[in-house]
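Numbered according to the numbering used here, the sequence shown spans residues 100 to 238.
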Amino acid sequence: FKLNYHLAPPGIAKKNAKGELQKRKFGPSMLTGFRVLAKLKGLRGTAFDVFGRTEERRTERALIDEYRAAIEEVIAGLDAARHALAMDIAALPDQIRGYGHVKERNLAATRTRWASLMAAWRGEGGEPARVVEAARAIA
100 FKLNYHLAPP
110 GIAKKNAKGE
120 LQKRKFGPSM
130 LTGFRVLAKL
140 KGLRGTAFDV
150 FGRTEERRTE
160 RALIDEYRAA
170 IEEVIAGLDA
180 ARHALAMDIA
190 ALPDQIRGYG
200 HVKERNLAAT
210 RTRWASLMAA
220 WRGEGGEPAR
230 VVEAARAIA
């Protein structure tokens, strides 16, 4: 029995024809690397956080700010008639799953739905109920 890890570490992993990082197989010696990373946990979120500089992490941080702004807008105009729409908007982050290229695909699909739902919230593009139904059909 031999323990192997399939990882695509940024900066080391090669990309395929689509530009997606390809996973490589690492053996049991990777446990030592994991222990070192665990001890460096205190550096997360600081200037010394090398993984925090990746495009994926920058996108995640920006996404948090976008979501907070959307939720604040929803809370400001929340009423009983638009409760279902508010719940759909609040549930959007649950659809952004995975890592790397999988997360990018899910984010692109969610952004389309997000734009539709926010347009419905703001009353743009016609009758909100129809926009919500169309947005739900996309999901």
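Here a beta-carbon is modelled for each residue, glycine too, at the ideal position from N, C-alpha and C. Bear in mind that the values here come from a model prediction, so they are computed numbers and not experimental data.
Item	Value
Under 8 Å between C-beta atoms of LEU184 and TRP220	yes
Proximity below 8 Å, CB of PRO109 to CB of THR153	yes
Coil, strand or helix - PHE133 by DSSP	helix
Under the three-state DSSP convention, the category PRO109 falls into	coil
Sequence-distant residues of its chain with Cβ nearer than 8 Å to ASP148 (five each side left out)	LEU142
LEU191 beta carbon near the ligand SAM (any heavy atom closer than 7 Å)	Absence of the ligand SAM is noted for the structure shown, with no ligands found whatsoever.
Stretch pair the region 115–129 + the region 157–171: three plus CB contacts closer than 8 Å	no
Exposure label - VAL173; buried when at least 16 CB within 10 Å	buried
Length of the line joining the Cα atoms of ALA180 and LEU191	20 Å
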